[in-house]
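Residue numbers (the UniProt record's numbering), protein chains in the order written: chain Z, 1 to 198; chain H, 1 to 198.
This report refers to the structure that appears directly beneath it.
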DNA sequence: CAGCATCCGTAACTTACATTACGGATATGT
DNA sequence: ACATATCCGTAATGTAAGTTACGGATGCTG
């Protein structure tokens with residue numbers, strides 16, 4: 001099988017895995033279920049991903065790479081820092097509370113080995129954090145914000161932007177926020193953030 | 001069996017359930033495992049709790065009742081509102097990020113029926129919310145805070161107090177916060193909160 | 001084109017677990 | 001004290017799932 005063709009096939013399998021995961025949760029997702037959804041065989045899944053954990057690790061890693069590249073694209077612009085935050089905030093909130101992210105967080109919560117959680121966090125929050133640090137440092141250099149500890153400032157921004165939305169999504173008590181909600185909450189977060197650190 | 005004796009026995013079984021749940025996660029927790037830890041029989045568990053879901057519902061409900069009574073005790077004092085918040089905040093944060101709460105949130109995340117999440121939220125956040133509303137209304141009456149929407153104010157307070165600590169606890173990337181940390185974060189939350197709404 | 005690798009669909013194997021059942025021991029109520 | 005209910009420890013039952021295996025179809029490479 002061609003490398004390119006295999007890559008496409010792999011993504012189809014991963015997409016099928018998400019469909020089963022989002023419909024049935026981690027506990028209700030079996031390798032055979034994914035294989036059937038993807039019209040693939042168990043043997044192929046095990047050959048390509050190693051085992052169930054390996055397949056989920058691949059899902060987490062790919063999802064995180066996509067989130068990161070989305071956000072990095074914003075950072076390459078010449079816009080001023082607060083404008084970047086205005087664009088980045090709703091996108092980040094949307095991604096973190098989207099159905100895929102929620103499904104992956106649920107998988108991590110159910111994974112008693114802690115490995116999915118580690119991958120999710122390293123590739124997620126821990127990857128986004130330095131990006132946000134760069135934005136906030138830019139804002140400070142532009143004289144828009146005033147803080148000593150960049151990490152503290154990023155943490156505060158995330159508290160105001162995301163708060164406890166994720167856990168409420170994960171336990172099933174918060175519907176997916178609308179685009180409108182994400183914009184409004186981001187604007188609110190920026191407003192409060194500037195009030196506190198401006 | 002005496003009502004009183006049965007109640008004690010039931011709590012012993014629930015304590016054993018927590019031990020298994022915290023050690024092995026929801027997916028790794030079997031009824032037989034709990035029965036063995038509690039030195040009870042499967043038959044007794046099924047007679048008393050109905051099924052696995054029923055047992056976990058009981059865990060959630062009892063934990064929430066305890067959290068609530070903890071917090072209500074603070075509310076019965078004659079202290080001024082901000083003092084109450086100074087006491088309530090660290091306690092609430094400690095309870096919400098404690099090992100039991102985390103284990104229950106994980107169970108809810110793994111429960112594809114959504115029932116545990118519903119119980120957890122109704123008996124948790126949704127029970128705590130009105131308590132906090134009362135505190136903040138008292139603070140407004142005392143002239144300490146200024147806001148229009150009580151619910152919005154409570155949400156902001158929770159964002160500042162808890163933020164994304166819970167989800168990070170649940171996916172295993174945040175150790176349990178120390179008492180000292182809870183006090184400091186609560187104090188920080190109150191400070192920012194007053195800065196924004198004072 | 002032929003030989004080999006790999007994929008699909010399906011089955012097999014092993015293990016685990018939710019739930020029910022059972023014999024004997026213990027507790028309860030009269 | 002006796003009869004009955006209930007609990008414990010263990011086994012049985014039925015189902016599901018992780019993983020491997022297999023025959024035939026398809027794809028790839030020389």
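Yeah, the Cβ is synthetic: ideal placement off N, Cα and C, and Gly gets one too.
Using a Cβ distance threshold of 8 Å, residue 119/H and residue 169/H do not count as a contacting pair. Put simply, of 95/H, 85/H and 166/H the residue whose alpha carbon is nearest the alpha carbon of residue 193/H is 85/H. A residue is called buried once 16 or more other Cβ atoms fall within 10 Å of its Cβ, and residue 196/H is buried on that count. Inter-residue distance for residue 87/H and residue 133/H is about 16 Å (C-alpha atoms, whole angstroms). Sorting 138/Z, 172/Z, 158/Z and 157/Z by C-alpha distance to the C-alpha of residue 76/Z places 138/Z at the top. Contact annotation for residue 24/H against chain Z: 112 [CB-CB distance below 7 Å, chain order]. Taking a cut-off of 8 Å for Cβ pairs, the stretch 114-128 of chain Z and the stretch 170-177 of chain Z do not touch, as fewer than three such pairs fall below it. Sequence-distant partners of residue 29/H (beyond 5 residues in either direction) whose C-beta falls short of 6 Å from its own C-beta, in its chain, are 20 and 21. In the DSSP annotation of this structure, the continuous segment of the alpha helix (DSSP H) that includes residue 69/H starts and ends at 52-75.
Here residue 166/Z is buried. Its C-beta has 16 or more other C-beta atoms within 10 Å. Between the stretch 34-53 of chain H and the stretch 97-109 of chain H, the count of Cβ pairs shorter than 8 Å is below three; the stretches do not touch.
If you check each beta-carbon in the stretch 152-178 of chain Z against every beta-carbon of chain H, the ones closer than 8 Å belong to 155, 156, 158, 159, 160, 162, 163, 164, 166, 167, 168, 170, 171, 172 and 173. Under the rule that a run must span 4 or more residues, the alpha helix (DSSP H) segments found entirely inside the stretch 121-192 of chain Z read 125-141, 150-161 and 165-170.
The way I'd put it, the stretch 66-74 of chain Z doesn't touch the stretch 173-188 of chain Z; fewer than three beta-carbon pairs between them come closer than 8 Å. Scanning its chain for C-beta atoms nearer than 7 Å, with the 5 sequence neighbours on each side dropped, one finds around residue 27/Z the residues 110, in chain order.
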